[in-house]
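Residue numbers (this note's numbering), protein chains in the order written: chain A, 1 to 220; chain B, 1 to 220; chain C, 1 to 220; chain D, 1 to 220; chain E, 1 to 220; chain F, 1 to 220; chain G, 1 to 220; chain H, 1 to 220. One structure is given here, and the rest of the page talks about it.
Protein chains: 8
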Amino acid sequence: MSDFVIDWQREARTGAAEAIFCEGKSLDQIAAILRSAEGRRLLLTRLSAEAFAALPADLAAGLDHDPASRTAVFGEAAVPAEATVAIVAAGTSDLPVAREVARSLAFHGRGATLIADVGVAGLWRLMARIEEIRRHRVVVAVAGMEGALFSVLGGLVDAPIVAVPTSVGYGVAAGGRAALSGALASCSPGLVTVNIDNGYGAACAALRLLRAIDRAVGER
Amino acid sequence: MSDFVIDWQREARTGAAEAIFCEGKSLDQIAAILRSAEGRRLLLTRLSAEAFAALPADLAAGLDHDPASRTAVFGEAAVPAEATVAIVAAGTSDLPVAREVARSLAFHGRGATLIADVGVAGLWRLMARIEEIRRHRVVVAVAGMEGALFSVLGGLVDAPIVAVPTSVGYGVAAGGRAALSGALASCSPGLVTVNIDNGYGAACAALRLLRAIDRAVGER
Amino acid sequence: MSDFVIDWQREARTGAAEAIFCEGKSLDQIAAILRSAEGRRLLLTRLSAEAFAALPADLAAGLDHDPASRTAVFGEAAVPAEATVAIVAAGTSDLPVAREVARSLAFHGRGATLIADVGVAGLWRLMARIEEIRRHRVVVAVAGMEGALFSVLGGLVDAPIVAVPTSVGYGVAAGGRAALSGALASCSPGLVTVNIDNGYGAACAALRLLRAIDRAVGER
Amino acid sequence: MSDFVIDWQREARTGAAEAIFCEGKSLDQIAAILRSAEGRRLLLTRLSAEAFAALPADLAAGLDHDPASRTAVFGEAAVPAEATVAIVAAGTSDLPVAREVARSLAFHGRGATLIADVGVAGLWRLMARIEEIRRHRVVVAVAGMEGALFSVLGGLVDAPIVAVPTSVGYGVAAGGRAALSGALASCSPGLVTVNIDNGYGAACAALRLLRAIDRAVGER
Amino acid sequence: MSDFVIDWQREARTGAAEAIFCEGKSLDQIAAILRSAEGRRLLLTRLSAEAFAALPADLAAGLDHDPASRTAVFGEAAVPAEATVAIVAAGTSDLPVAREVARSLAFHGRGATLIADVGVAGLWRLMARIEEIRRHRVVVAVAGMEGALFSVLGGLVDAPIVAVPTSVGYGVAAGGRAALSGALASCSPGLVTVNIDNGYGAACAALRLLRAIDRAVGER
Amino acid sequence: MSDFVIDWQREARTGAAEAIFCEGKSLDQIAAILRSAEGRRLLLTRLSAEAFAALPADLAAGLDHDPASRTAVFGEAAVPAEATVAIVAAGTSDLPVAREVARSLAFHGRGATLIADVGVAGLWRLMARIEEIRRHRVVVAVAGMEGALFSVLGGLVDAPIVAVPTSVGYGVAAGGRAALSGALASCSPGLVTVNIDNGYGAACAALRLLRAIDRAVGER
Amino acid sequence: MSDFVIDWQREARTGAAEAIFCEGKSLDQIAAILRSAEGRRLLLTRLSAEAFAALPADLAAGLDHDPASRTAVFGEAAVPAEATVAIVAAGTSDLPVAREVARSLAFHGRGATLIADVGVAGLWRLMARIEEIRRHRVVVAVAGMEGALFSVLGGLVDAPIVAVPTSVGYGVAAGGRAALSGALASCSPGLVTVNIDNGYGAACAALRLLRAIDRAVGER
Amino acid sequence: MSDFVIDWQREARTGAAEAIFCEGKSLDQIAAILRSAEGRRLLLTRLSAEAFAALPADLAAGLDHDPASRTAVFGEAAVPAEATVAIVAAGTSDLPVAREVARSLAFHGRGATLIADVGVAGLWRLMARIEEIRRHRVVVAVAGMEGALFSVLGGLVDAPIVAVPTSVGYGVAAGGRAALSGALASCSPGLVTVNIDNGYGAACAALRLLRAIDRAVGER
């Protein structure tokens with residue numbers, strides 16, 4: 001009834017290629033999109049292990065799937081350059097989203113350092129790695145529950161910081177709302193935020209920043 | 001149409017005397033309550049400068065009113081003992097609530113140390129006073145916006161900590177909801193919380209704790 | 001991609017050891033954490049019967065798992081001392097959370113008395129046990145639905161009371177929001193609250209207080 | 001542009017006459033309605049002291065206005081019969097709504113007993129009057145904050161109980177939402193609820209009940 | 001760890017026996033409650049077909065279970081008297097809740113007439129049965145979606161009306177919130193409301209009223 | 001710092017001219033917009049009596065201001081054609097919004113019939129005018145509180161119906177949320193809705209439809 | 001216990017036949033409705049593939065079921081006339097709702113053009129088809145996430161536009177709330193909205209519009 | 001009772017100096033902060049015309065106050081460099097927040113171009129200036145209501161974009177919630193967001209990025 005219209009020019013226009021968000025799409029729709037993309041590169045997000053296993057074998061064979069982050073790369077892998085992004089995750093449960101950030105950056109050829117288990121309930125863990133974090137051009141902070149990590153990082157680091165609230169938590173934190181509020185209402189000015197669990201979006205924001213830096217350096 | 005029924009036994013039963021919450025009461029009602037309390041002691045909360053100024057002169061003369069915290073003491077002042085409670089406020093705007101805590105404790109004869117402007121966006125300010133905070137039996141933490149102070153304190157101090165979210169903030173923090181979520185969803189276990197702007201309630205919680213300590217010490 | 005960084009010093013710093021919240025962690029993550037903890041003691045919360053059954057046999061054998069409260073103890077059991085905490089649960093459906101409180105206290109060597117089915121719709125049931133409740137240093141109250149138990153208890157007992165709203169209920173009570181509001185908005189001053197279903201957090205709050213009492217007694 | 005169409009038959013059809021809710025109506029609209037009602041009886045609700053003072057003098061002269069409850073009676077007063085309704089209010093701040101119940105009942109010729117300051121934080125105050133409450137055919141309970149009074153009353157009294165949550169409170173109780181949840185989620189079955197601050201609506205519900213009783217008695 | 005404390009006197013005190021709400025209780029808990037009730041009568045609500053099928057055979061044999069309303073009667077059935085309650089349901093999807101009302105009334109010996117598919121989108125269906133509805137002492141109205149049925153009924157009938165909002169609906173109606181608001185904010189005064197899907201609660205409210213009528217008639 | 005960029009082509013493109021929403025604009029901004037519009041026609045919405053009175057006299061003289069609807073016409077008035085739109089308002093308090101609809105239509109040369117005080121609590125009032133309503137091409141229904149009028153109208157009339165929820169109401173109806181839900185969740189299919197209090201938007205929707213009709217008639 | 005009362009006259013009264021919303025109805029209820037409709041035509045919505053497969057074979061044989069849109073036609077198919085409605089869907093995930101619109105229109109004999117994958121992140125895709133969209137009498141716009149498509153379309157097209165927010169999205173967009181707000185709060189006046197995922201309702205709104213146009217043309 | 005502790009090192013640490021948020025601070029507090037800052041530079045935000053007028057004359061004389069944006073500069077003005085930030089505002093009502101962005105950047109010596117009245121309801125206005133926007137290193141987009149501008153800009157520009165939702169709007173847009181959802185749920189990936197009306201925060205985010213660019217350029 002309707003063909004898929006992939007926005008192949010989006011990377012040129014906005015610095016990040018269109019990705020296929022698989023949640024809520026039927027297997028038939030995903031397969032049709034992949035077949036229409038033959039010979040090109042595509043990033044798939046929210047592709048669960050179950051959905052991946054149920055894809056036609058020939059299509060699955062062409063995908064580099066990572067079950068933890070539910071991402072898959074269709075077509076050739078990119079070789080990430082040196083790590084210019086620090087991905088800082090509060091807890092073990094935030095790792096799937098943190099890995100979505102890392103995989104999305106890698107797809108676009110950008111390297112990242114992933115630093116985990118540095119929640120503020122044990123502040124010394126974060127302080128032990130703060131110098132390492134400061135050596136990156138951009139910081140992506142990933143945290144659920146109350147998201148206090150965002151404010152603490154914001155007071156310690158002068159790089160651009162993109163907060164990714166995660167849906168880790170229960171009660172008033174269920175669904176990530178408390179962490180989102182924690183990022184938006186932060187007393188540390190200059191923090192910016194993306195939607196809950198939106199690791200891909202945070203990666204795209206970092207790509208925009210890195211591209212702006214590259215351009216400025218290039219203009220010199 | 002109806003007489004006031006003050007619960008004079010509440011202090012014996014629960015460790016804190018009944019206080020008169022003045023917001024939403026008419027001047028006539030407040031005056032009638034004070035007249036019925038003649039010769040006793042009462043704490044009034046949320047008594048604005050405007051309401052205080054509009055009270056009959058003889059009643060106003062008998063009140064020790066603090067406009068910043070909107071509290072007033074009717075009857076004799078108590079002499080606070082040494083400071084066993086540390087009241088830690090994130091910012092200048094949180095001071096009215098922090099002072100409500102201090103004044104409510106003082107009414108019951110308990111001393112407190114008020115430490116302000118230690119929000120986590122400038123972590124060094126908190127670290128500079130952390131040893132001083134640790135010297136108290138109970139900590140009451142007062143913060144608005146995202147309330148990250150609660151989690152950071154919770155990871156640094158082993159005393160009982162009562163979080164008081166304040167309505168300081170705007171946007172998603174309006175009304176204190178973000179700070180409340182920050183306290184309830186905290187990754188630092190063992191934090192407990194009272195209602196937004198409820199400085200009196202936090203003082204009552206501290207009173208319960210101090211009384212439990214006194215009793216245990218007395219039983220020795 | 002990332003090693004686990006358990007905060008082994010947390011107990012010294014805050015009075016309660018770090019616990020592993022298992023909901024949202026993969027079996028691989030839980031297993032890796034347990035293996036890294038060899039020879040130490042750990043408390044696991046939100047470990048469902050299904051997850052426990054799916055753990056490697058050697059790890060499962062080293063766990064004392066309680067399916068009702070979804071808690072498990074890794075390493076040696078502690079011998080709880082006499083009961084200083086009264087855990088008061090409104091209804092049968094609140095027992096899983098109440099048991100999480102009891103098990104978390106026991107892990108840290110603290111004894112508790114569990115009193116259930118004392119909801120305020122049948123007030124006589126609570127009154128029949130109120131003297132017994134008053135004999136404890138701390139009260140943890142566990143209730144879902146509208147959480148009226150918190151206010152009634154708060155008016156009857158002068159000990160510190162930690163309210164744990166539970167997600168028992170439906171309609172406007174779904175997810176525990178009504179019970180949480182019942183605790184925060186209570187007309188009984190001095191109540192403090194933790195997140196919905198957060199039995200472990202309430203236990204940690206009780207631990208902080210008991211430790212404060214022990215220290216005060218020790219200082220004498 | 002449009003004439004007012006008062007539903008004069010409503011009392012015959014539903015047991016309560018149409019009342020004029022004055023909040024949000026202009027003074028011109030209120031005056032026009034009163035002039036169109038000449039020679040009949042009308043109840044006005046939410047008519048503030050300011051609005052009353054600003055009405056044309058001839059109209060104001062024909063109104064029996066009660067500033068506390070913001071109600072006014074236009075036309076002849078009814079002589080209330082013996083008290084068949086107990087109006088039970090938790091605190092002093094709930095009195096305006098409680099009086100709206102009483103005045104609305106009186107307008108329809110029904111008597112009521114108003115019992116105030118019986119909040120559950122001081123349970124003995126309620127217990128002291130419980131026998132008196134039980135002597136009425138219907139109970140209207142009025143409470144703000146967490147509304148625990150509703151559940152406690154529901155467990156003690158077998159008469160029909162209409163809960164009126166009030167907007168008394170702040171933080172999570174602001175606007176009356178916590179009290180409303182407290183009534184709807186109550187563990188005491190058989191409680192029924194009206195909108196926040198809707199004293200008139202509760203009176204109408206009581207009128208429906210009393211009318212059903214009268215009819216049943218009459219059919220004997 | 002804890003025995004069940006059923007409130008056997010509740011019927012004497014409040015006009016309705018304690019019912020066992022089975023959702024959220026384990027099969028073991030339900031079975032233990034039933035065994036402790038041997039020789040008495042009990043109403044069980046929210047007992048799904050799956051839970052019923054999983055109960056021990058001897059206990060299941062003693063239950064009269066209705067899968068549509070998820071109710072079961074333990075012990076002897078009551079013989080309902082003539083129908084004094086009209087249960088009016090907006091649509092087919094509201095029938096499970098409407099049947100919970102009917103079964104709960106029957107358990108207490110009260111008869112009811114169930115009138116369904118009278119939603120206001122086809123007003124003639126309601127008008128065709130309005131005289132029949134008016135012949136009952138009490139009306140229980142059951143509706144999901146926007147709950148407009150409540151207001152229309154409220155304007156046509158002068159009997160006491162208890163609104164039961166149901167969780168039938170999606171989008172803004174999901175979970176029954178729109179229907180609940182429809183009942184509480186109704187322009188028809190004198191409507192009263194219970195929690196979403198709370199058929200048992202509505203029945204208890206009707207029982208309170210019928211008891212008040214019986215008593216008044218008896219006092220004659 | 002910035003000139004105003006009025007979208008003078010909007011009427012050609014979308015069937016309704018750009019209107020100036022005055023709430024939240026400073027008097028200086030409104031005055032500057034009017035001066036820049038010299039010689040053209042403009043509709044102003046949400047221009048309060050206070051703001052109108054504070055405008056420079058020469059500008060005010062050029063405005064036809066209606067305080068009830070807070071609308072003003074700048075430039076020549078249009079002569080409305082015969083009434084093709086029925087504006088149906090539930091209550092007197094909904095008239096300001098209903099008049100905003102009428103004035104916005106008149107500005108574009110469309111006539112309307114305003115029918116008020118036909119709320120469903122007195123259904124006979126609506127039924128008495130239903131044939132008159134049916135004689136119009138489009139119906140705009142304006143209601144606050146629970147918005148049951150929308151569903152009832154939707155079942156009686158086959159014309160396009162645009163629901164305008166109003167912020168008339170309190171408690172759960174405060175701000176118009178209950179009426180909005182009542183419109184969106186309606187059991188009468190084919191209702192469409194605009195934002196709360198958005199009389200201008202409803203008029204624009206009617207304009208789109210009338211234009212579609214005119215075009216279809218013209219194409220014949 | 002209750003027979004089904006289908007409103008067979010609804011099409012005559014409101015322009016669209018009553019449809020059977022299958023979600024939340026038991027298979028028995030659906031089967032009974034179909035049997036009672038023998039010889040007539042019915043549209044079924046929200047009939048999942050699982051429910052369809054579980055229907056009795058003879059009933060299933062009489063249904064034209066479309067799994068993507070979860071709609072089924074019972075009785076004879078209608079032959080859609082030329083396409084007068086443009087259905088514009090933002091993304092692939094919005095297609096199920098868009099198809100519900102198309103199938104509901106077809107059931108009533110109305111043709112539609114479905115235009116998909118024109119989300120505003122790639123504005124050129126929408127611009128490429130804008131002339132085609134403008135050739136239809138009515139536009140139904142279907143979008144999830146933030147629903148920005150509604151505002152952009154509203155500024156480009158002067159036909160009546162019905163927005164259907166979908167539940168496509170996560171985080172703050174979960175359940176369709178962000179898209180609904182995007183439609184209601186749109187800066188493009190004259191947009192109208194139906195409930196989230198309510199494709200059938202949008203079709204009914206279009207039917208009302210087309211019928212109004214047909215009547216006007218006929219009256220000429 | 002407490003001295004102010006300004007974080008003078010914040011600029012060195014995070015790239016933006018601490019600003020004084022004046023809303024919710026008393027005049028005495030603001031005056032005390034200014035006196036303690038003698039000889040330094042400070043930015044004040046949310047300083048209303050009324051508060052500015054009420055400051056002691058000597059302090060007011062030392063402030064460069066802008067009433068539209070409610071910002072003031074204490075101490076020497078900075079000379080902004082060439083414009084590297086494009087501030088794009090949807091409507092006239094968004095200008096106060098847009099000016100807060102511009103003034104906060106200017107305080108730190110950064111130039112900006114302010115482009116207003118480019119809301120998407122008149123898309124041509126935005127398209128006419130898109131090339132100009134693209135010539136800046138960073139884009140700050142300011143919009144209220146549904147915030148569709150964010151998504152459209154995100155699809156047209158590859159620079160980093162910081163969305164500032166404003167509280168311009170009513171009904172579901174009241175308080176800025178719809179615009180915030182519009183930014184967070186955007187279908188244009190790589191957008192980042194700050195709190196509602198947080199122009200200062202958006203400026204700080206831009207400062208972080210410009211500093212990262214400067215550093216990268218410097219490292220070359």
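Heads up, the beta-carbon is just placed ideally off N, CA and C, and yes, glycines get one too.
Would you list the one or two residues that DSSP bridges to His136 (chain F)?
Per DSSP, none; premise fails for His136 (chain F).
Listed by chain order, chain H residues near Leu95 (chain G) by CB distance under 7 Å
Correct list: empty, because the minimum Cβ distance to chain H is about 15 Å.
On the three-pair Cβ rule with 8 Å, is the stretch 170–185 of chain B touching the stretch 174–189 of chain A?
Yes: the two stretches touch, three or more of their Cβ pairs being nearer than 8 Å.
Rounded to the nearest angstrom, how far is the Cβ of Val164 (chain D) from that of Ala206 (chain D), given a contact under 8 Å?
With 8 Å as the limit, Val164 (chain D) and Ala206 (chain D) do not qualify as a contact, their Cβ atoms being about 11 Å apart.
Nearest chain C C-beta to Gly111 (chain A) closer than 8 Å, yes or no?
no
For the stretch 183–206 of chain C, enumerate the residues whose C-beta is nearer than 9 Å to any C-beta of chain E, in chain order.
Contact residues of the stretch 183–206 of chain C toward chain E are absent (C-beta to C-beta distance below 9 Å).
Is it buried or exposed, Arg137 (chain H), if we count other Cβ atoms within 10 angstroms and call 16 or more buried?
Buried, because 16 or more other Cβ atoms sit within 10 Å of the Cβ of Arg137 (chain H).
Nearest by alpha-carbon distance to Gly109 (chain A): which of A:Asp197, A:Arg41 and A:Val194 is it?
A:Arg41
Cβ of Arg103 (chain A) within 8 Å of any chain G Cβ:
It does not: the Cβ of Arg103 (chain A) has no partner Cβ on chain G nearer than 8 Å.
Should Met1 (chain F) be flagged as near chain D, meaning a C-beta pair shorter than 8 Å?
Confidence in Met1 (chain F) is poor, its pLDDT being 38 and thus under 50, which makes the residue's placement too unreliable to answer from.
C-alpha distance - Phe74 (chain D) paired with Leu63 (chain D), whole-angstrom precision:
5 Å
In the DSSP assignment, find the alpha helix (DSSP H) that holds Val152 (chain A) and state where it starts and stops.
Ala148 to Leu156
Determine whether the beta carbon atoms of Val192 (chain A) and Val162 (chain H) lie at a separation below 8 Å.
yes
Below 8 Å on the Cβ atoms is my guess for Val152 (chain D) versus Val120 (chain C); work out the distance and round it to an integer in Å.
With 8 Å as the limit, Val152 (chain D) and Val120 (chain C) qualify as a contact, their Cβ atoms being about 5 Å apart.
Determine, using beta carbons only, whether Gly122 (chain A) comes closer than 8 Å to chain B.
yes
Kindly provide the ranges of any beta strand (DSSP E) runs that are 3 or more residues long and lie completely inside the stretch 67–138 of chain A, ordered along the chain.
71–74, 83–89 and 111–115
Hey, would you say Pro160 (chain B) sits closer than 8 Å to Arg208 (chain C), going by beta carbons?
yes
Interface residues of chain F facing Ala163 (chain E) [CB-CB closer than 7 Å]
Going along chain F, no residue has its Cβ under 7 Å from Ala163 (chain E), so there is no contact; the nearest lies around 11 Å.
Whole angstroms is fine: what's the gap from Phe21 (chain F)'s alpha carbon to Leu47 (chain H)'s?
Using only the alpha carbons, I get a separation of about 25 Å.
Identity of the residue in D:Gly154, D:Leu34 and D:Gly199 nearest Leu59 (chain D) by Cα:
D:Leu34
Backbone CA spacing between Ala37 (chain F) and Asp117 (chain H) [nearest angstrom]
15 Å
Stretch pair the stretch 82–92 of chain F + the stretch 127–137 of chain F: three plus CB contacts closer than 8 Å
yes
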